[in-house]
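The working numbering applies: residue 152 is where the sequence shown begins, and numbers increase by one.
For every residue, glycine included, the Cβ atom is placed at its ideal position computed from N, Cα and C.
Some notes on the structure that comes next.
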Amino acid sequence: MKNKKTEQMVKLAFLIALELVLWMTPLGYVPIGVVRATTMHIPVILAGILLGKTQGAVCGFIFGLTSVITNTVTPTVTSFVFSPFYAVGGVSGNLYS
152 MKNKKTEQMV KLAFLIALEL VLWMTPLGYV PIGVVRATTM HIPVILAGIL LGKTQGAVCG
212 FIFGLTSVIT NTVTPTVTSF VFSPFYAVGG VSGNLYS
């Protein structure tokens with residue numbers, strides 16, 4: 152007999168692991184000039200469709216966390232939009248970033 156909760160947990164763990172692999176390789180945040188194109192949203196969309204709102208939100212949280220870390224550690228001109236810890240000129244990011 153299949154345990155549905157275990158199956159959902161394994162799928163969520165796989166999608167989170169996929170997000171972390173994308174984050175650690177250049178495939179997740181592709182630098183294009185002063186901006187970064189992203190493929191990190193794909194596991195989040197899949198989690199929302201396949202697993203529901205709660206697990207999709209967990210994947211979205213991981214995506215947001217990696218975005219803040221990436222834009223804080225390796226900033227570009229537009230990083231103040233995505234990180235509250237980075238400033239450009241007189242404009243700094245805030246907690247709503």
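- Under DSSP, PRO182 shares a beta bridge with ARG187.
- The residue among VAL228, ILE213, PRO226 and THR227 with its C-alpha nearest the C-alpha of TRP174 is ILE213.
- Around the Cβ of ASN154, a 10 Å sphere holds fewer than 16 other Cβ atoms; the residue is exposed.
- By the neighbour-count definition (other C-beta atoms within 10 Å, threshold 16), LEU178 is an exposed residue.
- Annotation for TYR180: ARG187, THR189 and THR221 place their beta carbon closer than 6 Å to its own, counting only its chain and skipping 5 residues before and after.
- If you compare the alpha carbons of PRO194, LYS156, VAL185 and THR176 with that of LEU166, the shortest gap goes to PRO194.
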